[in-house]
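Novice: What follows is a single structure, and I will ask about it in a moment.
See below:
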């Protein structure tokens, strides 16, 4: 691979006792591109995400994130809120994890914690209502409203997030992740549970995030229509190892990939493919 | 009727003090899901620091009462907040990812530590102060010679409570810190992924709770004119009862529960027997918990998947 990777995963391994969830995995995610991580259930995709976002300390290996200014960060050395603050990596989960009791607008405001934190001078300027804090608060509200407008939820800004329809909650989660102003956006099955029309809207949103915000996206997805439509690069995993990578077109015709999905071995898959054509 | 009105006033004042302490219990429960049994002792510490600050100021020859009160309020809030922060830092944070009961046991231990620390440092005797705020208003003079009075200190307690509550409600509903606290309450993992420093937010919760308890401690000192090292225990249990009665985790619930416990206690003492006032307060709690397990304003807990 050539080019300018934002994320380089280098020989990443993650073991839980005797189980090897990720085994010696290396891949790059290109800057301002959409990289998809696919594979059958249990292939270790979410484990990779959990390593990248600091939930797991990898057994071995490194993950290097390089910002636009050339500043590089070793992700395996960060944890908790530092992933969002220093590395500027944002993520969503397979299940929806909005703050259901807070309004849509408040959900987006929480995500701007760090921007507001700087302006509030460790809380105290904020408590006395200093002008710099007021401006920052207003800017945060403006950014939140811009995103609500983009996902078509501006008129529901003050509704509790938990009361929104499922598809809206999915898009609100992505908007919330974007409000942290991430360099790398990790999405774990964003299209899960969406109907065809909602999936199409999601694809459009992700493409616009890539082109307009210039955010790099790493994506786990089972919905192949989404993967094939928007990915620039696809990495295929099975049983914790990388079995293929390349462009969506290249992956679609790879017998190893088809074999992994069908649960068959390679020769059988080739036979199936040839009989089909 | 006059007698009843007077008891109502007394109950309201006592209830305000309980309410201020109860907020600390309910806030901590909301965010970390544990009962901070040392909170009653934080209230006691607040009372002591108010007393010490007061004596120091007086020994410097200060005589302007409003100025003294303001300084005492700020100093006791600040130092008690530091105690609250320290307790969380040394006794709860290291156990946060331990089993569920561990921080609670640690809290009970911390309560003993604070009680005994005060006893050793300040002595076991009750510490009285001369009445600092005197005077009041006669609201009504009854035919039988009974006088309904509203003293200045009672007015100060209630007004301070109302102002603090308004400030606190604003803090939780519309500041960054309040949003962070509510976010941590609902999903700590997600909050930290969005860049919120969860540990720091929890620390701030303890700091704010302790500051409110310090105000309650100072009000107690002014109202009853005494503090002792053991006062945190009963007051703490009462305030905890108030928090549960109102629905633990709910801020308006804590205040409502505090007022109810204060009123029940005062009215029971007035009409039945002083000795059994605690029995009355706790019996009401049992009845409420049987028929309304989540308290008066609490939401039923939703199991997380």
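Chains as they are written, first to last, in the numbering used here: chain A, 1352 to 1628; chain B, 24 to 328.
Built from N, CA and C at the ideal position, the CB exists for glycine as well.
Because the structure is a prediction, the values reported are computed rather than measured.
According to DSSP, residue 1389 (chain A) sits in a beta bridge with which residue or residues?
Specialist: Locating residue 1389 (chain A) in the first chain gives position 38, counting from the first residue. Paired residue(s): A:1587.
Novice: Is the Cβ of residue 1628 (chain A) closer than 8 angstroms to any Cβ of chain B?
Specialist: On the first chain, position 277 is the one that residue 1628 (chain A) refers to. Below a pLDDT of 50, predicted positions are generally treated as unreliable, and residue 1628 (chain A), at 47, falls in that range; the measurement from the model is reported next regardless. With 8 angstroms as the cut-off, residue 1628 (chain A) does not count as an interface residue toward chain B.
Novice: If you draw a straight line from the C-alpha of residue 1584 (chain A) to the C-alpha of residue 232 (chain B), how long is it?
Specialist: Position 233 of the first chain holds residue 1584 (chain A). Position 209 of the second chain holds residue 232 (chain B). The straight-line gap from Cα to Cα measures roughly 51 angstroms.
Novice: So for residue 280 (chain B), helix, strand or coil by DSSP?
Specialist: Your numbering for residue 280 (chain B) matches position 257 in the second chain. In the structure shown, residue 280 (chain B) sits in a helix (DSSP, three-state: H, G or I).
Novice: Alpha carbon to alpha carbon, what distance is there between residue 1379 (chain A) and residue 1570 (chain A)?
Specialist: As a position in the first chain, residue 1570 (chain A) is number 219, starting the count at 1. As a position in the first chain, residue 1379 (chain A) is number 28, starting the count at 1. Using only the alpha carbons, I get a separation of about 13 angstroms.
Novice: Can you find at least 3 beta carbon pairs, one from the region 69 to 78 of chain B and one from the region 236 to 244 of chain B, that sit closer than 8 angstroms?
Specialist: Verdict: yes, contact present.
Novice: Within 10 Å of its beta-carbon, does residue 24 (chain B) have 16 or more other beta-carbons around it, so buried, or fewer, so exposed?
Specialist: On the second chain, residue 24 (chain B) is found 1 positions in, with the first residue counted as 1. Residue 24 (chain B) should be labelled exposed.
Novice: So, helix, strand or coil for residue 1294 (chain A), using DSSP?
Specialist: Lying before the first or after the last residue shown, residue 1294 (chain A) is absent from chain A, which here runs from 1352 to 1628.
Novice: Where do the ends of the beta strand (DSSP E) carrying residue 1425 (chain A) lie?
Specialist: Counting from one through the first chain, the residue named residue 1425 (chain A) turns up at place 74. Element bounds for residue 1425 (chain A): 1423 to 1425.
Novice: Just to confirm, are residue 271 (chain B) and residue 52 (chain B) a CB contact at a threshold of 8 angstroms?
Specialist: In the second chain, counting from the first residue as 1, residue 271 (chain B) sits at position 248. In the second chain, counting from the first residue as 1, residue 52 (chain B) sits at position 29. For residue 271 (chain B) and residue 52 (chain B), yes; Cβs fall inside 8 angstroms.
Novice: Just how far apart, CA to CA, sit residue 1513 (chain A) and residue 1593 (chain A)?
Specialist: Within the first chain, the letter at position 162 stands for residue 1513 (chain A). Within the first chain, the letter at position 242 stands for residue 1593 (chain A). Taking the straight line from one Cα to the other gives about 37 angstroms.
Novice: Answer with yes or no whether the minimum CB distance from residue 1531 (chain A) to chain B is below 8 angstroms.
Specialist: Start at 1 with the first residue of the first chain, and residue 1531 (chain A) comes out as number 180. For residue 1531 (chain A), the answer is yes, since a Cβ of chain B falls inside 8 angstroms of its Cβ.
Novice: Is residue 271 (chain B) helix, strand or coil by DSSP?
Specialist: As a working mapping, residue 271 (chain B) is identified with position 248 in the second chain. The answer is coil: DSSP assigns residue 271 (chain B) none of H, G, I, E or B.
Novice: What residue range does the alpha helix (DSSP H) around residue 300 (chain B) cover?
Specialist: Taking the second chain and counting its residues from 1, the one referred to as residue 300 (chain B) is at position 277. Segment 300 to 314, the alpha helix (DSSP H) holding residue 300 (chain B).
Novice: Between which residues of its own chain and residue 1400 (chain A) is the CB-CB distance below 6 angstroms, once the five residues before and five after are set aside?
Specialist: Counted from its first residue, the first chain places residue 1400 (chain A) at position 49. If we look at residue 1400 (chain A) and ignore the five residues flanking it on each side, its Cβ neighbours are 1537 and 1539.
Novice: Could you give the C-beta distance for residue 142 (chain B) and residue 256 (chain B), rounded to a whole number, given that I count them as a contact under 8 angstroms?
Specialist: Here residue 142 (chain B) refers to the residue found at position 119 when the second chain is read from its first residue. Here residue 256 (chain B) refers to the residue found at position 233 when the second chain is read from its first residue. Not confirmed; about 12 angstroms, so no contact.
Novice: In angstroms with no decimal places, state the Cα-to-Cα distance between residue 1368 (chain A) and residue 120 (chain B).
Specialist: Position 17 of the first chain holds residue 1368 (chain A). Position 97 of the second chain holds residue 120 (chain B). Straight-line Cα distance between these residues: approximately 20 angstroms.
Novice: At a cut of 8 angstroms, does the region 1426 to 1439 of chain A reach the region 207 to 222 of chain B through at least three beta carbon pairs?
Specialist: Touching, yes.
Novice: Tell me which residue opens and which closes the alpha helix (DSSP H) that residue 27 (chain B) is part of.
Specialist: Locating residue 27 (chain B) in the second chain gives position 4, counting from the first residue. That run of the alpha helix (DSSP H) goes 25 to 55.
Novice: Chain A partners of residue 214 (chain B), CB-CB under 9 angstroms?
Specialist: By one-based count along the second chain, residue 214 (chain B) stands at place 191. Simply 1432, 1450, 1461 and 1464.
Novice: For residue 1396 (chain A), does the three-state DSSP call read helix, strand or coil?
Specialist: As a position in the first chain, residue 1396 (chain A) is number 45, starting the count at 1. Looking at residue 1396 (chain A) - three-state DSSP - the assignment turns out to be helix.
Novice: Is residue 284 (chain B) buried or exposed, if buried means 16 or more other CB atoms sit within 10 Å of its CB?
Specialist: Within the second chain, the letter at position 261 stands for residue 284 (chain B). Burial call: buried.
Novice: Please compile the residues from chain A whose C-beta is within a distance smaller than 7 angstroms of the C-beta of residue 210 (chain B).
Specialist: Taking the second chain and counting its residues from 1, one reaches residue 210 (chain B) at position 187. Within chain A, the residues near residue 210 (chain B) are 1448 and 1450.
Novice: Rounded to whole angstroms, how far is the Cβ of residue 1498 (chain A) from the Cβ of residue 1529 (chain A), which I believe are closer than 8 angstroms?
Specialist: In the first chain, counting from the first residue as 1, residue 1498 (chain A) sits at position 147. In the first chain, counting from the first residue as 1, residue 1529 (chain A) sits at position 178. Confirmed, about 6 angstroms.
Novice: With a threshold of 8 angstroms between beta-carbons, can residue 217 (chain B) be considered close to chain A, or not?
Specialist: Here residue 217 (chain B) refers to the residue found at position 194 when the second chain is read from its first residue. Yes, residue 217 (chain B) lies at the interface with chain A (some Cβ there is under 8 angstroms from its Cβ).
Novice: Assuming residue 1598 (chain A) contacts residue 1510 (chain A) (C-beta within less than 8 angstroms), just tell me the rounded distance between them.
Specialist: Here the question's residue 1598 (chain A) lines up with position 247 in the first chain. Here the question's residue 1510 (chain A) lines up with position 159 in the first chain. Rounded, the Cβ-Cβ distance is 41 angstroms, inconsistent with contact.
Novice: Closest by CA to residue 254 (chain B), which one among B:187, B:122 and B:149?
Specialist: Translated into the one-based positions of the second chain, residue 254 (chain B) becomes position 231. It is B:149 whose Cα lies nearest to the Cα of residue 254 (chain B).
Novice: Got a sec: which bits of the region 114 to 126 of chain B sit with their beta carbon under 7 angstroms from any beta carbon on chain A, in order along the chain?
Specialist: Listed by position, the residues of the region 114 to 126 of chain B near chain A (Cβ gap below 7 angstroms) amount to none.
Novice: Extract the residue ranges of the alpha helix (DSSP H) inside the region 1499 to 1534 of chain A, only unbroken runs of 4 or more that lie entirely within it.
Specialist: Counting only runs of 4 or more, we get 1517 to 1530.
Novice: Is there at least one Cβ from chain A nearer than 8 angstroms to residue 98 (chain B)'s Cβ?
Specialist: Taking the second chain and counting its residues from 1, one reaches residue 98 (chain B) at position 75. Closer than 8 angstroms: no.
Novice: What is the DSSP secondary structure of residue 1536 (chain A), counted as helix, strand or coil?
Specialist: Walking along the first chain from the start, residue 1536 (chain A) turns up at place 185. Note: residue 1536 (chain A) maps to strand in three-state DSSP.
Novice: Apart from the five residues on each side of it in sequence, which residues of its chain come closer than 6 angstroms, Cβ to Cβ, to residue 1430 (chain A)?
Specialist: Translated into positions along the first chain, residue 1430 (chain A) becomes position 79. Excluding sequence neighbours, residue 1430 (chain A) sits near 1405.
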